[in-house]
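Notes for the one structure printed next.
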Amino acid sequence: MSNVGRFFGEVQTELKRVEWPKWNEFVGATVVVLFLIVFFAALLWVVDQGITIGIKYIFRLFFPGF
-3 MSNVGRFFGE VQTELKRVEW PKWNEFVGAT VVVLFLIVFF AALLWVVDQG
47 ITIGIKYIFR LFFPGF
């Protein structure tokens, strides 16, 4: 049980040593991350739509009733 207590004591010590970002750095990084999430989600959607259209086109070439 003393190992658990020592572990959490060390965690607390390490957290005091951390240099936390300033508020404007935090907000700036958050905005960048959110922008990249939206950008890559849109990019993946466009690629997915292109692949879907391409597969449908190929199927219609080889299977006209499809």
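Quick note: the sequence shown uses the numbering used here, first residue -3, plus one each step.
Built from N, CA and C at the ideal position, the CB exists for glycine as well.
Straight through space, the alpha carbons of L32 and N20 are spaced by roughly 18 Å. Rounded to whole angstroms, F22 and R56 show a C-alpha spacing of 51 Å.
For E21, the three-state secondary structure derived from DSSP is helix.
When DSSP states are grouped into helix, strand and coil, G5 belongs to the helix group.
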